[in-house]
Amino acid sequence: MQKPVLLIAASLLGLSLSGCANLMGTAEPAAGTETAEPTSLSPQPQADASQDTPPDYADFEPEVLYLLLSAEVAGQRGRYDVTLLNYVRAAELSRDPGVIQRAMGIAQSLNGDNAQQQLGQLWLESDPDNLEAHRVLTIQAIKRNQMDIALQHMEAIMSLGGDGDFDNLAAMSSTLPPESQQELLALYQQLQQRHPDNLEIEYSVALLLKINGHPQRALQQLDAVLAQTTTFQPAIMLKGDLLYQTGETGPALDYLQRHTRIYPANRQMGTLYARILINEGNMRAAQDEFARLMTRFPEVPGLRLSHALVALENNEVELATDDLNELIAQGHHVDEANFYLGKIADDEQRPQEAIGYYERVAKGSHYFPALSRASALRAEAGDIDGALTNIRTLREANPSQAENYWLIEINLLLEAGRAEAAIDMANSALQDQPNSVRILYARAMLHDTLSQTAEAEADLQQVLVAEPDNAVALNALGYILATRTDRLDEAETMIRRALELSPGNPAIQDSMGWVLFRQGDHSQALEYLKAAYSDFPDPEVAAHFGEVLWTIGEKEQARIIWREALSLDREHPILRETILRLTGDQDL
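UniProt numbering applies: residue 1 is where the sequence shown begins, and numbers increase by one.
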């Protein structure tokens, strides 16, 4: 299965314009991730290289003073690499604690691992009991897979009576390679044996078991933690997440609902509960939970955005609009709010208002979807040339994003029914962006639209040379071969490979069902098409599914499927052609 306009749009955006598709990634971390899981293995919070207070320069030697002054000047000019280099050198020469601390802050803000390692060692030489130095060197040892050294620093932190922050360190390990995660788990298990009464380490072991893919063992570990203290909220949150992960949806929701009422001030727990409700499609309960959180934490704008999006899914447009306008008034999530206000106006057939909102989206993940839709609305209003001129101007002003702008231009021409012009545009785009797989794929779809099979195949083969495991391209080429040629075995091989790479993908299941039908395997074809239609009741899938049903004598069931599809899109060309060819009547 392939639908040229939608496929090109997908290659452009990689996003959905729907509100629900973005619920899980807008304002708050996704379910189970807000238990203190930073995105990188580095000390938190990080310093800002341009804003820390510089040290007092009065007592330094001339060489050190020169290094410090030149570092500060470089920072003011945005040359933070030079700032870091000079500060590290100044720290080595002076061994001054203030200089070392300032240098470490800069190194952390720039994620300079080598500098952090060097400065951490220097810090311990001048202050062997410095907890922050031990924490930094623990992290650097883990990154270097030096678990024995990491263990030494962790033990030092514990012997000094400091807060090891071991749970956050365990959470950050999700960014490590799998083998390092396993070794870190073994290290924590060693710590647990040496310190059997340390709840933080016990909890950290459970978290690492989860990260290493052992949810049941993690649950057992958490039960041991909660048997000692029933009020340890990070463990409660992790247990709720793990219950859900292991398929215990009902118990997970009951557990989290109960504990969000016991601990109403735990925002992360409430957010986790709300997001699991979203995953399960219980949008009404999710909206209620976000409303509770929003009322309790009015200073967290992300909660208002989440509440707005869930309200939008619940068709409470006025409530969602109020939330989104409030976010704009507060100056928070302004681009997201404008995007969804544009979508509301778009859905309500107010195109000029929608364009205004879409064009206010200035940056972020919604920028290109907003520009694409605003351009499409201008084209629908008869100003396609103006829309194209605007996109071209933006493309020329932002060469680093040229590929995205080209794809919007190509898609706009295709949607306007100007496929030949779209191919010309794609040719120009590939001259400008010769290594763009996305533009090459878009041109292949355009060739297929015009029944230029050889050209479409050539472009897709080029895509597969660059990306042999590109499931979308494998499926597209397999489907083209299955529908436009007799090379069915070759088509089946490609589609099976695509399905291995993307199991359960309904578009690929549709393609597999269709090629099996063309090979005469009606029974297997029916299984794939039934699964595809169940997950994605698209008119083209319905056309294929219905044709197999018709062929095996299930004609009334075929008519039911086709009627459902016609209610969604009466003008779909493949659906109408299939019905007319098999029944002689387009209206059933």
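Even for Gly, the Cβ is constructed at its ideal location relative to N, Cα and C.
Every value quoted in this text rests on a predicted model; they were computed, and no experiment measured them.
Within the continuous alpha helix (DSSP H) that includes phenylalanine 166, where are the two ends? In the sequence shown, counting from the first residue as 1, residue 166 sits at position 166. Bounds of the alpha helix (DSSP H) holding phenylalanine 166 are 166 to 172.
In the DSSP assignment, find the unbroken alpha helix (DSSP H) run with glutamate 179 in it and report its ends. The residue you call residue 179 lines up with position 179 of the sequence shown. 178 to 194 is the span of the alpha helix (DSSP H), which, as asked, contains glutamate 179.
Of the residues Ala471, Gly504 and Asn505, the one placed nearest threonine 493, counting alpha carbons only: Counting from 1 along the sequence shown, the entry for residue 493 is found at position 493. Put simply, of Ala471, Gly504 and Asn505 the residue whose alpha carbon is nearest the alpha carbon of threonine 493 is Ala471.
Note the first and the last residue of the continuous alpha helix (DSSP H) segment covering valine 300. Counted from its first residue, the sequence shown places residue 300 at position 300. Unbroken run through valine 300: none, as it is neither H nor E.
From alanine 531 to glycine 504, what distance separates their C-alpha atoms? As a first step, residue 531 must be located in the sequence shown, where it is residue number 531. As a first step, residue 504 must be located in the sequence shown, where it is residue number 504. Linking alanine 531 to glycine 504 through their CA atoms gives a straight-line distance of about 8 Å.
Exposure label - tyrosine 66; buried when at least 16 CB within 10 Å: Position 66 of the sequence shown, counted from the start, is the residue given in the question as residue 66. The residue in question, tyrosine 66, is exposed, as its Cβ has fewer than 16 Cβ neighbours within 10 Å.
Nearest residue (CA-CA) to leucine 222, options Thr83, Lys239, Gln233 and Thr231: Counting from one through the sequence shown, the residue named residue 222 turns up at place 222. Cα-wise, what sits closest to leucine 222 is Lys239.
Measuring only the C-alpha atoms, how far is serine 365 from tyrosine 357? Reading the sequence shown from its first residue, position 365 is the one you call residue 365. Reading the sequence shown from its first residue, position 357 is the one you call residue 357. Each residue's alpha carbon lies about 15 Å from the other.
Residue closest to leucine 131, alpha-carbon to alpha-carbon, out of Asn114, Ser109, Ser451 and Ser159: Translated into the one-based positions of the sequence shown, residue 131 becomes position 131. If we check each option's Cα against that of leucine 131, Ser159 comes out closest.
Nearest-angstrom Cβ-Cβ length linking leucine 226 and alanine 235, presumed shorter than 8 Å: By one-based count along the sequence shown, residue 226 stands at place 226. By one-based count along the sequence shown, residue 235 stands at place 235. Contact flag correct, Cβ pair sits at about 6 Å.
Leucine 488 to arginine 518, Cα distance in whole Å? By 1-based counting over the sequence shown, the position of residue 488 is 488. By 1-based counting over the sequence shown, the position of residue 518 is 518. Going from the Cα of leucine 488 to the Cα of arginine 518 covers about 8 Å.
Please state whether DSSP places glutamate 28 in a helix, a strand or coil. Looking up residue 28 in the sequence shown gives position 28. A caution first: glutamate 28 carries a pLDDT of 44, below 50, which makes its placement in the model unreliable, though a value can still be read off. Taken through DSSP and simplified to helix, strand or coil, glutamate 28 comes out as coil.
Given a threshold of 16 other Cβ atoms within 10 Å of its Cβ, counted over all protein chains shown, does aspartate 587 qualify as buried or as exposed? Position 587 of the sequence shown holds residue 587. Exposed, since its Cβ has fewer than 16 Cβ neighbours within 10 Å.
Between which two residues does the alpha helix (DSSP H) harbouring histidine 366 extend? Position 366 of the sequence shown, counting from 1, holds the residue named residue 366. Run containing histidine 366: none; DSSP gives neither H nor E here.
Residue ranges of each alpha helix (DSSP H) within the region 210 to 278, 4 or longer: The region 210 to 278 contains these whole alpha helix (DSSP H) runs: 215 to 228, 233 to 245 and 249 to 262.
Determine the DSSP secondary structure at arginine 79, reduced to helix, strand or coil. Locating residue 79 in the sequence shown gives position 79, counting from the first residue. In the structure shown, arginine 79 adopts coil according to DSSP, grouped into three states.
Expressed to the nearest angstrom, what Euclidean distance is found between the alpha-carbon atoms of lysine 210 and aspartate 448? Translated into positions along the sequence shown, residue 210 becomes position 210. Translated into positions along the sequence shown, residue 448 becomes position 448. Whole-angstrom Cα-Cα distance: 46 Å.
Starting from glutamate 527 and walking both ways along the alpha helix (DSSP H), at which residues does that stretch end? Start at 1 with the first residue of the sequence shown, and residue 527 comes out as number 527. Counted as a single uninterrupted DSSP element, the alpha helix (DSSP H) harbouring glutamate 527 occupies residues 522 to 535.
Status (buried if at least 16 other CB within 10 Å, exposed otherwise) for glutamate 179: Translated into positions along the sequence shown, residue 179 becomes position 179. Exposed is the label assigned to glutamate 179, since fewer than 16 other Cβ atoms lie within 10 Å of its Cβ.
Alanine 542, enclosing alpha helix (DSSP H) - first and last residue: As a position in the sequence shown, residue 542 is number 542, starting the count at 1. Per DSSP, alanine 542 belongs to the alpha helix (DSSP H) from 539 to 551.
For the candidate residues Ala291, Arg102 and Tyr80, whose alpha-carbon lies nearest to that of alanine 90? Walking along the sequence shown from the start, residue 90 turns up at place 90. In terms of Cα proximity to alanine 90, the closest of Ala291, Arg102 and Tyr80 is Arg102.
Cβ-based burial, aspartate 486 [other Cβ within 10 Å; buried from 16]: The residue given as residue 486 occupies position 486 in the sequence shown. Exposed is the call here.
Three-state secondary structure (DSSP) at glutamine 509? Working through the sequence shown from its first residue, we reach residue 509 at position 509. Reduced to three states, the DSSP call for glutamine 509 is helix.
Where arginine 360 falls: helix, strand or coil (DSSP): Against the sequence shown, residue 360 aligns to sequence position 360. Coil, per DSSP.
Inspect the CB distances between the region 372 to 390 and the region 400 to 419 and report whether three or more fall short of 8 Å. Short answer: they touch.
With distances taken from CA atoms, which of Ala265, Ile100, Ala426 and Asp288 is nearest residue 662? Outside the displayed range of the chain (1 to 588) lies residue 662, so it cannot be described from this structure.
For the alpha helix (DSSP H) that phenylalanine 339 lies in, which residues bound it at each end? Residue 339 sits at position 339 when you count from the first residue of the sequence shown. Per DSSP, phenylalanine 339 belongs to the alpha helix (DSSP H) from 334 to 347.
Would you be able to state if there are at least three C-beta pairs under 8 Å between the region 507 to 524 and the region 475 to 484? Yes, the region 475 to 484 is in contact with the region 507 to 524.
Assuming arginine 392 contacts isoleucine 423 under a Cβ cut-off of 8 Å, what Cβ separation, rounded to an integer in Å, is found between them? Position 392 of the sequence shown holds residue 392. Position 423 of the sequence shown holds residue 423. Not quite, the Cβ-Cβ distance comes to about 17 Å (not below 8 Å), so this is no contact.
Quick one: grab the DSSP three-state call for leucine 110. Taking the sequence shown and counting its residues from 1, the one referred to as residue 110 is at position 110. Residue state, collapsed to three classes: coil.
How long is the line joining the alpha carbons of lysine 143 and glutamate 318, rounded to whole angstroms? On the sequence shown, residue 143 is found 143 positions in, with the first residue counted as 1. On the sequence shown, residue 318 is found 318 positions in, with the first residue counted as 1. Going by the C-alpha atoms only, they are around 49 Å apart.
How many angstroms separate the CA atom of threonine 578 from the CA atom of asparagine 279? On the sequence shown, position 578 is the one that residue 578 refers to. On the sequence shown, position 279 is the one that residue 279 refers to. Between the C-alpha atoms of threonine 578 and asparagine 279 there is a straight-line separation of about 36 Å.
Are the Cβ atoms of leucine 176 and threonine 138 separated by less than 8 Å? Reading the sequence shown from its first residue, position 176 is the one you call residue 176. Reading the sequence shown from its first residue, position 138 is the one you call residue 138. A distance of 8 Å or more separates the beta carbons of leucine 176 and threonine 138.
Out of curiosity, what's the CA-to-CA distance linking glutamine 108 and leucine 119? Against the sequence shown, residue 108 aligns to sequence position 108. Against the sequence shown, residue 119 aligns to sequence position 119. Each residue's alpha carbon lies about 11 Å from the other.
Count the C-beta pairs between the region 253 to 265 and the region 278 to 297 that are closer than 8 Å, then say yes if the count reaches three, no if not. Result yes; three or more Cβ-Cβ pairs closer than 8 Å.
Determine the closest residue to leucine 464 out of Arg497, Gly584 and Gln433, with distance taken between C-alpha atoms. Residue 464 sits at position 464 when you count from the first residue of the sequence shown. Closest by C-alpha distance to leucine 464, out of Arg497, Gly584 and Gln433, is Arg497.
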